[in-house]
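Worksheet: the structure to be examined is printed underneath.
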Amino acid sequence: MAHGLGCWASFIFLIIFSDLLSAQIRYSIVEELKHGAFVGNIAEDLGLKVQKLRTRKCRLLSDNNKQYLAMNLDNGILFVNERIDREQLCGQSSVCSIAFEVRVEYPLEMFGFEVEVLDLNDNSPRFPQSSFSIQVAESIVPGARFPLERAQDPDVGTNTVSTYQISSNENFGLKMQTRRDGKKVAELFLEKPLDRERRSVFQLVLTAFDGGSPALSGTAQIVINVLDINDNVPKFDREEYRVSMVENAPRGTFVTKVQAKDLDEGANAEIRYSFSEHAAQEEQELFTLDPKTGDIRVQGILDYEKSNVFELDVQAVDNGAFAMTGRSKVVVTLIDVNDNAPEIRLTSVSSTVREDAVPGTVIAAISVADRDSGKNGEVQCQIPQHLPIKLQKSPTNQYKLVTNNMLDREKVEFYNVSITAWDSGSPPLSTNKTILVSVSDINDNAPRFDQSSYTAYVMENNAPGDSILSVTALDPDLDQNSHVSYSILENPIQGMTSFPYVSIDSKSGNIYALRSFDYERLKHFQIQVQARDSGSPSLSSSAAVNVIILDQNDNAPAVVSPVTRNGSATVGPVPQSAPAGYLVTKVMATDADSGQNARLSYQLRKATDPSLISVGLKTGEIKLIRSVSSHDATTQDLLISVNDNGQPTLSATVTIAFSIVANVTEKYFERSNVLENANNFSDLNLYLIITLGSTSFIFLLTIMVLIAIKCHQDSDNGDDCSFCCCRMRDSGNSFMRRSAPKECLNYTGVRDSVPIPGSYNYRFSVSPDSSKTDFLFLKTYAPTLPHSTLKMSDNNMAKERGQEDNGY
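As numbered in mature numbering (1 follows the signal peptide of the UniProt record, and there is no 0), residues -23 to -1, 1 to 785 make up the sequence shown, in order.
Below, the structure written as structure tokens:
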């Protein structure tokens, strides 16, 4: 075989043809080549460069499940990848080939290939049987022909069966015939008459040869028995056989044995048993009869309920040339066994029951039967006891499945009712059948919110249409009874209906703001949300939703003291003799926000002399860091910012100006000296000074009168928070300072009144010499200064009064 493969491998040839339309290339190889055997060079045949096979993604495409062929992308060679068995691949077909395509890209091209697989004489002829016999009567005349079994060879062409031979003998010869399909068949023919007494058996060897090179062969043995002349009929030992057996006898169970005898000799005395042509086909499928021994056995499934008695017609046939036949009957009676479980039939079923069905409502009508007989067919039936359903029996094995208690679909949606039926056999057989009983819904449950009340936190300045909260109500009912719609109930908010404030999506339960909320106006409100199902009649429930507005830092601080105009304020002058810690003034501001957003701090941003002034971070108090010197500017400007603690921080600024004045006496003499030098003034300047002095005097006098009236009214009313309280001194025609109660400022949007920590008291002094000056001098005092500064002895007070009387 290896030598033959080598010869064929060396015989591999290439057939290439070009076709402009199909561009198909054909190769030829023999079968059974080893893995890696050369088939052809695809790159060379297609004119492709080997270096570009990979870059152009060259691939083999085949419809075969097995990859018989493969290509080496490094050299373009097509080689055998798997063992090719032509007989397995193409069977007895005269032409066998493997078609595939080669696909390359960049540009895309398809090439058709076909590899013809040539047959190799690798199979020997084989007969279906290694031995077969022929019965020949001794009385047969010469020239009779006997067909022989044909040998099979899966190879094709010349490698298939070409001739037959038979071993040498005196009586039989062999003749060859060719069929239309080209197949060779052999026939045995009798050349000389037979003599059984001389030779009763011939054993010949039949050999089949194929046309391969070298030729292969296969053999079979032919046994020729020379038969005696048959002149006796086989006879059974009984005319009728009777037997009883259980119906559930397994396959192979012995039933009985029939036996016949033939008085002939040799082949004429050999008997074969079989069912006669009168036996029913069903009986032949249920029982088998051994042709040699006469044993009858079970081969099918016996069923007493289908048939309980079988009559089997059997016959005994001898092997004579003219076969003689004897007949008998076998009667098989079956014994019933409990092999059928009860059958449960539902004659009427209502698979759905309303949950408000009254006890006794019929769900299903049930009949129970058993195909067995006697006690094996007596049936009882029951269902589990814990169900709100029971089974009612009628006299004729009929049952009704009825409700026993009230049903509640929300607790149990359906019941798997398991019906068990059993017979009285030994052992008893039972059957289970499950009925699914669904409980239909009625609208007996109102929607339930997952919370009794909800709290929504909304940042102020929200955009209208923003989602505030989503509420959910569940209804354990089904279908329309569980479809929940949401709405808002009427609930006044600040004297108005709640509808302009919020809305709700009737399907999803999402609550949306209809307006932008302002924490300073509305801090919280409550609405009632109702959930209603779609049942008939519909049921509903409600839940409270508390909406809390969260403050946002959207208000900048506002300066309330000192009173400003265009962001600037001028406060009273500071005497040049003021010590360190002297309170110049106090900046007070408010913020409409709350919490950290209203927590204010004060900072000095800019000052004429930063070393002179400090600002309290939390109090806003403007104090002198050091005592005033003569080198300090007489006019001081401060830029103070007020910042809140919000995110982001908002702020306000105020510009405060104050002047530093020296002693009044010095001012007076300086002014007098200036006025005495008449050369420095013109007449026009003198007139202007007189006019301004007179106007200022009248204006200050008017203010003092109004303040006195106001103080008098406040004292009569007992008001503790007066705008300003003053009283005139009895001596020196000057005003004495009176302690004023703490001022109170009320602002819209703030719950409590904001106290002004520091109140300011004023002392007005009028020069005793009215002929020399018309100006009033206003001196400020702050009660928030240290007690060491505010407490004065009686002598100091008297001295101060004396200085005031002297015009200082």
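For every residue, glycine included, the Cβ atom is placed at its ideal position computed from N, Cα and C.
key: Ile686 burial status per 10 Å Cβ neighbour count (16 or more: buried)   = Taking the sequence shown and counting its residues from 1, one reaches residue 686 at position 709. Label assigned to Ile686: exposed.
task = Specify, as a first and last residue, the run of the alpha helix (DSSP H) that Ile19 falls within.
result = In the sequence shown, the residue the question calls residue 19 occupies position 42. Segment Ile19 to Leu23, the alpha helix (DSSP H) holding Ile19.
request  = Evaluate Thr329 with the Cβ neighbour count: other Cβ atoms within 10 Å of its Cβ, from every protein chain shown; 16 or more gives buried, anything less gives exposed.
outcome  = Walking along the sequence shown from the start, residue 329 turns up at place 352. Its Cβ having fewer than 16 others within 10 Å, Thr329 is exposed.
request  = Please report how far the alpha carbon of Ser545 lies from the alpha carbon of Gln507, in whole angstroms.
outcome  = Counting from 1 along the sequence shown, the entry for residue 545 is found at position 568. Counting from 1 along the sequence shown, the entry for residue 507 is found at position 530. Cα-Cα distance, rounded: 56 Å.
message = I need the boundaries of the beta strand (DSSP E) containing Gln503, first residue and last residue.
response = Residue numbering aside, residue 503 sits at position 526 when the sequence shown is read from its first letter. Residues His501 to Asp510.
query = In angstroms, rounded to a whole number, what distance separates the CA positions of Lys749 and Leu669?
reply = Here the question's residue 749 lines up with position 772 in the sequence shown. Here the question's residue 669 lines up with position 692 in the sequence shown. Residue placement at Lys749 cannot be trusted, given a pLDDT of 34 that sits under 50; what the coordinates show is reported in the next sentence. Using only the alpha carbons, I get a separation of about 14 Å.
ask   = Gly558 and Leu601 look like a contact to me (Cβ under 8 Å); what is the Cβ gap, rounded to whole Å?
value = Translated into positions along the sequence shown, residue 558 becomes position 581. Translated into positions along the sequence shown, residue 601 becomes position 624. The pair is a contact, with the Cβ atoms about 6 Å apart (cut-off 8 Å).
query = Looking at Phe213 and Val178, is the spacing between their C-beta atoms short of 8 Å?
reply = Position 201 of the sequence shown holds residue 178. Position 236 of the sequence shown holds residue 213. No, these two residues do not count as a Cβ contact at 8 Å.
Burial state of Met383 (16 or more Cβ within 10 Å) = As a working note, residue 383 is residue 406 in the sequence shown. Exposed.
inquiry  = Would you call the segment 514 to 532 in contact with the segment 605 to 614, where contact means no fewer than 3 C-beta pairs closer than 8 Å?
reply    = no
Helix, strand or coil at Asp456 [DSSP, three-state] = Locating residue 456 in the sequence shown gives position 479, counting from the first residue. Look at Asp456 here: in three-state DSSP terms it is helix.
request  = Could you say which of Thr562, Val605 and Asp570 lies nearest to Val592 if we only look at CA atoms?
outcome  = Numbered from 1 along the sequence shown, position 615 holds the residue referred to as residue 592. Taking only the C-alpha atoms, the option nearest Val592 is Thr562.
request  = Evaluate Asn409 with the Cβ neighbour count: other Cβ atoms within 10 Å of its Cβ, from every protein chain shown; 16 or more gives buried, anything less gives exposed.
outcome  = Along the sequence shown, read from residue 1 onward, the residue named residue 409 stands at position 432. Classification of Asn409: exposed, given that the 10 Å Cβ count is below 16.
message = Tell me the residue span of the beta strand (DSSP E) that contains Gln1.
response = Here residue 1 refers to the residue found at position 24 of the sequence shown. Looking at the DSSP string, the run of the beta strand (DSSP E) that includes Gln1 is Gln1 to Val7.
task = Taking the CB atoms as reference points, tell me whether Val435 and Glu332 lie closer together than 8 Å.
result = The residue given as residue 435 occupies position 458 in the sequence shown. The residue given as residue 332 occupies position 355 in the sequence shown. No, Cβ-Cβ distance for Val435 and Glu332 is not below 8 Å.
Contiguous beta strand (DSSP E) assignments of at least 3 residues, all confined to the segment 358 to 428 = Qualifying beta strand (DSSP E) stretches, in chain order: 366 to 370, 375 to 380, 391 to 400 and 407 to 417.
ask   = Which partner residues does Ser628 have in the DSSP bridge list?
value = Residue numbering aside, residue 628 sits at position 651 when the sequence shown is read from its first letter. In DSSP, Ser628 forms a bridge with Asn620.
query = Considering only the beta carbon of each residue, do Asp62 and Glu8 sit closer than 8 Å?
reply = If you number the sequence shown from 1, residue 62 lands on position 85. If you number the sequence shown from 1, residue 8 lands on position 31. A contact, by the Cβ cut-off of 8 Å.
key: Touch test, the segment 451 to 459 against the segment 350 to 369, Cβ-Cβ under 8 Å, three pairs minimum   = no
ask   = Ends of the beta strand (DSSP E) at Arg219?
value = Taking the first residue of the sequence shown as position 1, residue 219 is located at position 242. For Arg219, the enclosing beta strand (DSSP E) starts and ends at Glu217 to Val223.
inquiry  = Taking 8 Å as the threshold (C-beta atoms), are Pro131 and Asn98 in contact?
reply    = Position 121 of the sequence shown, counted from the first residue, corresponds to residue 98. Position 154 of the sequence shown, counted from the first residue, corresponds to residue 131. It is not a contact, given that the beta carbons lie outside the stated cut-off.
ask   = Any idea what DSSP makes of Gln261, helix, strand or coil?
value = Against the sequence shown, residue 261 aligns to sequence position 284. Reduced to three states, the DSSP call for Gln261 is helix.
query = Expressed to the nearest angstrom, what Euclidean distance is found between the alpha-carbon atoms of Thr567 and Ile667?
reply = Locating residue 567 in the sequence shown gives position 590, where the first residue counts as 1. Locating residue 667 in the sequence shown gives position 690, where the first residue counts as 1. Straight-line Cα distance between these residues: approximately 43 Å.
request  = For the alpha helix (DSSP H) holding Glu164, just list the boundary residues, first then last.
outcome  = Here residue 164 is taken as the residue at index 187 of the sequence shown, counted from 1. Per DSSP, Glu164 belongs to no alpha helix (DSSP H); it is in the beta strand (DSSP E), Lys161 to Leu167.
key: Member of Asn374, Val309, Met301 and Lys306 whose CA lies at the smallest distance from the CA of Arg322   = Within the sequence shown, the letter at position 345 stands for residue 322. If we check each option's Cα against that of Arg322, Asn374 comes out closest.
query = Do the segment 254 to 263 and the segment 208 to 227 touch if we need at least three Cβ pairs shorter than 8 Å?
reply = no
request  = Evaluate Glu82 with the Cβ neighbour count: other Cβ atoms within 10 Å of its Cβ, from every protein chain shown; 16 or more gives buried, anything less gives exposed.
outcome  = Start at 1 with the first residue of the sequence shown, and residue 82 comes out as number 105. Glu82 should be labelled exposed.
query = Are Val57 and Ala14 touching if we call contact CB-CB under 8 Å?
reply = Reading the sequence shown from its first residue, position 80 is the one you call residue 57. Reading the sequence shown from its first residue, position 37 is the one you call residue 14. Closer than 8 Å, so yes.
ask   = Would you call the segment 436 to 450 and the segment 528 to 548 in contact, with 3 or more CB pairs under 8 Å?
value = yes
inquiry  = Are the CB atoms of Val138 and Pro105 within a distance shorter than 8 Å?
reply    = Against the sequence shown, residue 105 aligns to sequence position 128. Against the sequence shown, residue 138 aligns to sequence position 161. No, Cβ-Cβ distance for Pro105 and Val138 is not below 8 Å.
inquiry  = Just to confirm the assignment, what range does the beta strand (DSSP E) spanning Glu64 have?
reply    = Stepping through the sequence shown from its first residue, residue 64 is reached at position 87. Not the beta strand (DSSP E): Glu64 falls in the alpha helix (DSSP H), residues Arg63 to Cys67.
inquiry  = Check this for me: beta carbons of Ala185 and Tyr250, under 8 Å apart or not?
reply    = Counted from its first residue, the sequence shown places residue 185 at position 208. Counted from its first residue, the sequence shown places residue 250 at position 273. No, the pair does not count as a contact, with Cβ atoms beyond the cut-off.
Delimiting residues of the beta strand (DSSP E) encompassing Thr596 = On the sequence shown, residue 596 is found 619 positions in, with the first residue counted as 1. Looking at the DSSP string, Thr596 is not in any beta strand (DSSP E), and its letter there is neither H nor E.
request  = Report the three-state DSSP secondary structure of Asn49 (helix, strand or coil).
outcome  = Counted from its first residue, the sequence shown places residue 49 at position 72. Note: Asn49 maps to strand in three-state DSSP.
ask   = Of the choices Gly195, Leu279 and Gly297, whose alpha-carbon is the least far from that of Ser221?
value = Your numbering for residue 221 matches position 244 in the sequence shown. Measuring C-alpha to C-alpha distances from Ser221 to each of Gly195, Leu279 and Gly297 identifies Leu279 as the nearest.
inquiry  = Relative to the C-alpha of Lys583, which candidate in Leu95, Val564, Leu616 and Gly277 has its C-alpha closest?
reply    = Here residue 583 corresponds to residue number 606 of the sequence shown, with the count starting at 1. Cα-wise, what sits closest to Lys583 is Leu616.
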